[in-house]
Amino acid sequence: MTEIRRLAKYISELNLNDIPKEVQNTAKLRVLDTVSVALGAADNSLIKNILNTYSNIVGESSSAYCWGQKRKVPVLTAIFFNAMMGHALELDDVHTKSKTHIGTVVVPTAWSLAEYLGCSGKELIEAVVCGYETMSRIGMGFGVSSHRNRGWHVTSTAGTFGAAAAASKLLKLDEEETLSALGMAGTQSFGLWAFLADGANCKILHPARAAASGTEASFLAKSGMTGPEHILDAEDGGLFPATSDEYDLSLVSKDLGKKYELLYMDNKPYPCCRSTHCAIDAALAIKNKYGITEDDIHCIEVNTYLVGYKQCGVSEGSLNPVKSVDAKFSTPFTVACAFIFGEVTLNQFKQEIIDNPRVKNLLRKVKVIPKDKFTKAYPEHWGCELKVICKDGRELTEEITDASGSIYNPLTTEQVKSKALTLLEDIYPEEASRIIDIILTIDDAQIIPAL
1 MTEIRRLAKY ISELNLNDIP KEVQNTAKLR VLDTVSVALG AADNSLIKNI LNTYSNIVGE
61 SSSAYCWGQK RKVPVLTAIF FNAMMGHALE LDDVHTKSKT HIGTVVVPTA WSLAEYLGCS
121 GKELIEAVVC GYETMSRIGM GFGVSSHRNR GWHVTSTAGT FGAAAAASKL LKLDEEETLS
181 ALGMAGTQSF GLWAFLADGA NCKILHPARA AASGTEASFL AKSGMTGPEH ILDAEDGGLF
241 PATSDEYDLS LVSKDLGKKY ELLYMDNKPY PCCRSTHCAI DAALAIKNKY GITEDDIHCI
301 EVNTYLVGYK QCGVSEGSLN PVKSVDAKFS TPFTVACAFI FGEVTLNQFK QEIIDNPRVK
361 NLLRKVKVIP KDKFTKAYPE HWGCELKVIC KDGRELTEEI TDASGSIYNP LTTEQVKSKA
421 LTLLEDIYPE EASRIIDIIL TIDDAQIIPA L
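Using UniProt numbering, the first residue of the sequence shown is number 1, and each one after it goes up by one.
What follows is the structure, given as structure tokens:
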């Protein structure tokens, strides 16, 4: 039996009663985190412009809500739009072992499609679990470092599978249909890191298109179109050998149904690339421990893993950020903000901060260096060592093995709820607490409520 067929069998047979309560409760927290992060971007001007454009080109039928917009659109547009929103703030969850942002793909797919189909909250949770388990395992199978170093964005390449898994469950596809959906999802895998070269803001397209494409694959499978069972391993055109030198097919179904990868998700406390977070933690620790200011600093050295170096420490955008995208993928910028402001929040990515002379001056003193010690530990651990050389000759060092919010240094349930409340209050100041309660009891709902 192929690995992809094992996934299809698992998805088609999964029943909520088979899922441990801990996993069900964690799934609801994942839904809460994703929805709140998405709604936090509801007033984003780019998001609103995209919605207006799509509304003019995709037809008039209205079947699911765009979150925070009080507006119904065709279900595929709702899935696309909500997934885009989920990635807009760079605050969405991360599965470290696969380097995937799963929530921003799977939750909008499951929520919007369940809303359209009239599914219950229990069916929603089943779909979310299927999506998380599928996307994480496909992502791990790629071989994270090799896949990334070839320029592929795994949230997209694995994301189509996660969306297809969630959609297939809600559409009640059988094993053969689900197999075809996964095959067609794989043939639509895409997503490249080229946007970093000039700070283009199209990264949010990656989870959005993955969510919509995976869903389309499931509808096509339901209609009778077939997809390739050997989508992952075909000698000619198999996705894994085509996109990685270090893939491992066995990881796709390893411990499937026994070990739930959904339990191993990171919650992001800072609204920027996860690869900057260990350095932010280290900078804040040194600042708080020694009370130093930017005026005390001669230079800063950040030793980290190769992917983190390539992604956030060596491009022109990371070294001399001009746009918000540059800043969010810049270890020098985020470290400078940590030392100057004592925090890294959405406020730090406003244009006036990016252009701030104090920030520009300090970030130029930050050098990021790849080190084998951290590269070998990645992707299990996304660590770094930050060293500050002070003008008075002191050397202050802090090593972070696992960033705050990771599975080894987790946020509590209350902290996740607090993060959600802060984001929701901007859009629904009087209803934020009620929305949190609705999501955390969604398994009791007979239909999926509008957001």
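Note that the Cβ used here is the ideal one computed from N, Cα and C, for glycine as well.
- Counting along the chain, Thr-304 sits inside the beta strand (DSSP E) bounded by residues 297 to 304.
- The residue from Ile-11, Met-85 and Ile-438 with its alpha-carbon nearest to that of Asn-201 is Met-85.
- Each of Gly-139, Ala-167 and Ala-165 was checked against the Cα of Thr-157, and the nearest Cα belongs to Gly-139.
- In the DSSP assignment, Glu-398 falls within the beta strand (DSSP E) that extends over 395 to 400.
- Under the three-state reduction of DSSP, Ala-64 is assigned to strand.
- Considering only Gly-291, Ser-62, Lys-28 and Ser-404, the residue with the shortest C-alpha distance to Ala-110 is Lys-28.
- Within the region 96 to 172, the complete alpha helix (DSSP H) runs of at least 4 residues fall at 103 to 117, 121 to 142, 144 to 149, 154 to 157 and 159 to 170.
- Under DSSP, the beta-bridge partners assigned to Val-388 are Ile-300 and Leu-396.
- Residues of the same chain with their beta carbon placed closer than 7 Å to that of Lys-21 are lacking, with the five preceding and five following residues left out of the count.
- For Ile-369, the enclosing beta strand (DSSP E) covers residues 366 to 370.
- Under the three-state reduction of DSSP, Val-335 is assigned to helix.
- The region 156 to 176 makes contact with the region 220 to 239; the number of CB pairs closer than 8 Å reaches 3 or more.
- In chain order, Thr-134 place their CB closer than 6 Å to the CB of Leu-7, counting only its own chain and leaving out the 5 sequence neighbours on each side.
- In the DSSP assignment, Arg-71 falls within the unbroken beta strand (DSSP E) covering 71 to 73.
- Beta-carbon to beta-carbon, Ile-340 and Leu-306 are separated by about 28 Å, too far to satisfy the 8 Å threshold.
- C-alpha of Glu-229 to C-alpha of Tyr-132: approximately 20 Å in a straight line.
- A direct Cα-Cα distance of roughly 19 Å separates Glu-13 from Val-106.
- Shown here for Gln-69: same chain residues with a beta carbon closer than 7 Å to its own, the five before and five after excluded, namely Ala-42 and Leu-51 in chain order.
- Cβ neighbours of Phe-161 within its own chain (closer than 7 Å, five residues either side excluded): Thr-134, Met-135, Ile-138, Leu-182, Ala-185, Gly-186 and Gly-214.
- For the pair of segments examined, the region 298 to 317 was found not to touch the region 422 to 433: the number of CB pairs separated by less than 8 Å stays below three.
- Boundaries of the alpha helix (DSSP H) around Tyr-10: 3 to 13.
- Under the three-state reduction of DSSP, Asn-17 is assigned to helix.
- Counting other Cβ atoms within 10 Å of its Cβ, Met-1 stays below 16 and is therefore classed as exposed.
- Just so you know, the alpha carbons of Ala-212 and Thr-397 end up roughly 45 Å apart.
- Cys-278 and Trp-382 do touch by the CB rule: their CB atoms are close to 6 Å apart, below 8 Å.
- Distances from the CA of Tyr-260 to each of Thr-441, Ile-19 and Ile-4 were compared; the closest alpha carbon is that of Ile-19.
- Taking Ala-338 as the centre and dropping the five residues before and after it, the same chain places the C-beta of Ile-280, Ala-283, Leu-284, Lys-287 and Val-344 closer than 7 Å to its C-beta, in chain order.
- In the three-state reduction of the DSSP assignment, Asn-25 falls in the helix class, which pools H, G and I.
- Counting C-beta atoms within 10 angstroms of its own C-beta, Gly-151 has fewer than 16 neighbours from the protein chains shown and is therefore classed as exposed.
- Asp-266 is bridged by DSSP to Val-94.
- The C-alpha of Ala-163 is placed about 44 Å away from the C-alpha of Lys-289.
- Checking the DSSP bridge columns, you'll see Asn-409 partnered with Ser-406.
- In this structure, DSSP gives Leu-192 an extended state, which the three-state scheme calls strand.
- Going by DSSP, Leu-239 is part of the alpha helix (DSSP H) stretching over 239 to 243.
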